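One structure is given here, and the rest of the page talks about it.
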Amino acid sequence: MALSQIGLSDVTAVELVDSIPLVKRADPHNLPFFDRVFDFVFTAHLAEALFPWRFVEEMERTVRRGGFCVVAVDECSGDDVRDIARFFHNSKVVDVANVTLERVKRTSILFKLQDSKRTSILFKVQDSLS
């Protein structure tokens with residue numbers, strides 16, 4: 050995906066294992082970034098996290114106040130969305146949508162971190178971008 054074509058100029062992606070260029074190796078439970086450095090954080094791998102509460106703490110720590118966290122999970126119900134939202138102590142749910150990512154039905158949950166300031170993006174990507 051040419052992210053610059055949709056207006057994104059400063060994108061950082063991380064993965065647990067070495068991956069394609071522009072993807073940094075990092076543990077999502079202990080991200081190597083300063084606090085509040087990203088405008089937007091995305092993951093489609095929260096369900097795979099060893100410690101999902103810690104993963105979410107890192108997402109909220111690295112996104113600026115007023116920024117957004119998006120979690121894509123297997124298509125789920127409102128009860129499941131509420132369970133996921135309980136991990137987000139500093140954010141509120143602003144949108145939930147059923148989407149299709151890579152031909153798989155998913156539920157996308159958009160959270161907004163309370164307050165605001167900054168400009169970068171962090172993506173948690175898959176082992177291979179197919």
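Residues in the sequence shown are numbered from 50 upward in steps of one, following the working numbering.
Virtual Cβ for every residue (Gly too), placed ideally from N, Cα, C.
The model shown is predicted, which means the values in this text are computed figures rather than measured ones.
Rounded straight-line distance, which links the Cα of residue j to that of residue i
i      : j      : result
Asp59  : Val86  : 11 angstroms
Phe82  : Thr111 : 7 angstroms
Phe136 : Met108 : 11 angstroms
Arg113 : Arg152 : 31 angstroms
Val130 : Thr156 : 9 angstroms
Gly115 : Val143 : 12 angstroms
Asp76  : Ala134 : 22 angstroms
N- and C-terminal bounds of the alpha helix (DSSP H) containing residue i
i      : result
Arg135 : First-last for Arg135: undefined, no H or E at that position.
Opening and closing residue of the beta strand (DSSP E) in which residue i lies
i      : result
Phe104 : Element bounds for Phe104: not the beta strand (DSSP E) but the alpha helix (DSSP H), 101-111.
Arg85  : Looking at the DSSP string, Arg85 is not in any beta strand (DSSP E), and its letter there is neither H nor E.
Environment of residue i [buried if 16+ CB atoms lie within 10 Å]
i      : result
Lys154 : exposed
Val63  : buried
Asp132 : exposed
Asp88  : buried
Ala96  : exposed
Ala146 : exposed
Leu99  : exposed
Leu178 : Legend: pLDDT at Leu178 = 40, less than 50; position of this residue unreliable, value from coordinates given subsequently. Result: exposed.
Gln163 : exposed
Val105 : buried
Proximity to residue i [Cα-Cα], best of the options
i      : options               : result
Phe91  : Glu109, Ala98, Val119 : Val119
Phe117 : Ile133, Asp84, Ser140 : Ser140
Leu150 : Arg74, Val143, Asp123 : Asp123
Leu159 : Asn79, His78, Ala93   : Ala93
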